[in-house]
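Asker:
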Amino acid sequence: MSGVTHKTGFVYDEKYRDHILTPGHPESPERLAAIRDKMARDGLDDKVVWLSPERDMAGIRKYVSIVHSQDHYNSLNEDSKTHEIAMLSAGGALAGIDAVFSGKCENVFCALRPPGHHAHNNGIHYDGRNQGEGFCFINNIAVAARYAQHAYPCSNILIIDWDIHHGNGTEWAFYDDPSVFYFSTHVFWMYPGTGDPGKTGRGPGDGYTLNCPLEPYSGDREVLDVWNNVFVPSLEKTGFRPDLVMISAGFDSRENDLLGNLRITDSGFAEMTRIALDIAGKYCKGRLVSVLEGGYNPAGLADAVCTHVNTLLTT
Ligand SMILES: [Zn+2]
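The working numbering puts the first residue of the sequence shown at 201, with every later residue one more than the last.
Take a look at the structure:
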């Protein structure tokens, strides 16, 4: 597939920059501003297919309610601005799904915030503790995965999570479910404390959760070792055949992140993107939807996102 140019979608909305947690918070609008500036400088603006988030709140709500409890949803209503933009963030991921299943795009990157992979059903995880939800409100990738399964001929979904933090909300949303294979690399002792490799799923979902903790200060060599020697063989061993590949693309696992301690470089992210595209090419006509999660050094985040998008465009 090398050298082929793909139709790559880019989901974005200026409203994503209106969400402010607290002044000076690392999950800031500057993250998206840096990405947009770098996209323009690199000439990527003219290469991607621009996509807008789904705005039908009732439509988004329908799929949010599959993943999140009523209590969880009600807790968001307390702050209407957060609620509106969190719903629009989920709507961005839904737009990515529409684009790959309508044939408008082969793959899509969703530059949205707030992020989502820590947001879960009701705050209680398998160990009975409330794990908290980080900077997340609605689990964008989980909601989008459920949307794909309901709206399109899409049964099996692979979710790859390379954020430095374990995606506890996503894992939990599909922990019993063999239709979603969840693979995460993360630093185990960091927030939220989940992601034990012994946690492999439950009941019919057993074997469809793959947690691969990394040691602090791990870099490209270590993460790619996991991808090539654990993840890809595991996927083949289970016989899982995805109809869609999704990525929880958190770049707080990149070198020089302000909150992270891993050392993955942009070429490491490019290589992971290529492997994910290979899997998508092998099983599902290249359909891949990547959704922004963390990444708290705005300049580094922008570099990594542009490398990721460039790889989606040209690999
Ligand atoms: Zn993170």
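Just so you know, even glycine gets a beta-carbon here, dropped at the ideal spot from N, CA and C.
It should be emphasised that the depicted structure is a prediction, and the values quoted were computed from it without experimental measurement.
Give every residue whose Cβ lies closer than 6 Å to any heavy atom of ligand 1, listed in chain order.
Answerer: The answer, residue by residue, is Asp363, Ile364, His365, Gly450, Asp452, Glu493 and Gly494.
Asker: Given Thr507, which residues of its chain have a CB within under 7 Å of its CB, disregarding the five upstream and five downstream residues?
Answerer: Around Thr507: Asp466, Phe469 and Ala470.
Asker: Given a threshold of 16 other Cβ atoms within 10 Å of its Cβ, counted over all protein chains shown, does Gln270 qualify as buried or as exposed?
Answerer: Result: exposed.
Asker: Helix, strand or coil for Ser202, going by three-state DSSP, please let me know.
Answerer: Note that Ser202 scores a pLDDT of 49, beneath 50, so its modelled location is shaky; the value from the coordinates is reported in the next line. Ser202 falls in the coil class under three-state DSSP.
Asker: If you draw a straight line from the alpha carbon of Ala299 to that of Pro315, how long is it in whole angstroms?
Answerer: Taking the straight line from one Cα to the other gives about 20 Å.
Asker: For the region 277-287 against the region 205-218, do three or more pairs of beta-carbon atoms, one drawn from each stretch, fall closer than 8 Å, so that the two count as touching?
Answerer: The region 277-287, when compared against the region 205-218, does touch it at the 8 Å Cβ threshold.
Asker: Just how far apart, CA to CA, sit Thr511 and Leu488?
Answerer: Cα to Cα, the separation comes out at about 12 Å.
Asker: Please tell me whether Ile266 and Ala348 are closer than 8 Å, where the distance is taken between their beta carbons.
Answerer: No, the Cβ-Cβ distance between Ile266 and Ala348 is not below 8 Å.
Asker: Give the DSSP-derived three-state secondary structure of Lys215 in the structure shown.
Answerer: Helix, per DSSP.
Asker: Can you give the Cα-Cα distance for Val343 and Gly259, rounded to whole angstroms?
Answerer: Distance between the alpha carbons of Val343 and Gly259: 11 Å.
Asker: Which ranges would you report for the alpha helix (DSSP H) in the region 441-488 if only whole runs of at least 4 residues count?
Answerer: With a minimum length of 4 residues, the continuous alpha helix (DSSP H) runs that stay inside the region 441-488 are 466-483.
Asker: Give me, in chain order, the residues of the same chain whose beta-carbon lies closer than 8 Å to that of Ser202; leave out the 5 immediate sequence neighbours on both sides.
Answerer: A caution first: Ser202 carries a pLDDT of 49, below 50, which makes its placement in the model unreliable, though a value can still be read off. Cβ neighbours of Ser202 beyond the five flanking positions: Thr515.
Asker: Is Gly395 closer than 8 Å to His366 when the C-beta atoms are compared?
Answerer: Yes, the pair counts as a contact, with Cβ atoms nearer than the cut-off.
Asker: Can you tell me where the beta strand (DSSP E) with Trp372 in it begins and where it stops?
Answerer: Unbroken run through Trp372 is the alpha helix (DSSP H), Asn368 to Ala373; no beta strand (DSSP E).
Asker: Taking C-beta to C-beta, are His386 and Ile364 nearer than 8 Å?
Answerer: Yes.
Asker: Rounded to whole angstroms, how far is the Cβ of Glu493 from the Cβ of His317, which I believe are closer than 8 Å?
Answerer: Right, the Cβ-Cβ distance comes to about 5 Å (below 8 Å), so this counts as a contact.
Asker: Identify whether Trp250 lies in helix, strand or coil by the three-state DSSP scheme.
Answerer: Reduced to three states, the DSSP call for Trp250 is strand.
Asker: Within 10 angstroms of the Cβ of Gly334, are there 16 or more other Cβ atoms? Answer buried if so, exposed if not.
Answerer: Buried: at least 16 other Cβ atoms inside 10 Å.
Asker: Can you give me the start and stop residues for the alpha helix (DSSP H) that Ser302 sits inside?
Answerer: Its alpha helix (DSSP H) spans residues Ser280 to Ser302.
Asker: Tell me, to the nearest whole angstrom, how far the beta carbon of Asp237 is from that of Gly292; I am working on the premise that it is less than 8 Å.
Answerer: No, Asp237 and Gly292 are not in contact; Cβ-Cβ is about 19 Å, not under 8 Å.
Asker: Quick check: what's the CA-CA separation for Arg474 versus Ala480?
Answerer: Distance between the alpha carbons of Arg474 and Ala480 is about 10 Å.
Asker: Say whether the region 298-312 touches the region 403-417, bearing in mind that this needs 3 or more beta-carbon pairs closer than 8 Å, one atom from each stretch.
Answerer: The region 298-312 vs the region 403-417: no contact.
Asker: Over what stretch of residues does the beta strand (DSSP E) that includes Tyr382 continue unbroken?
Answerer: It spans Val380 to His386 - the beta strand (DSSP E) in which Tyr382 sits, taken as one unbroken run.
Asker: Is the distance from the Cβ of Asp443 to the Cβ of Cys354 below 8 Å?
Answerer: Their beta carbons are under 8 Å apart, which means Asp443 touches Cys354 by this criterion.
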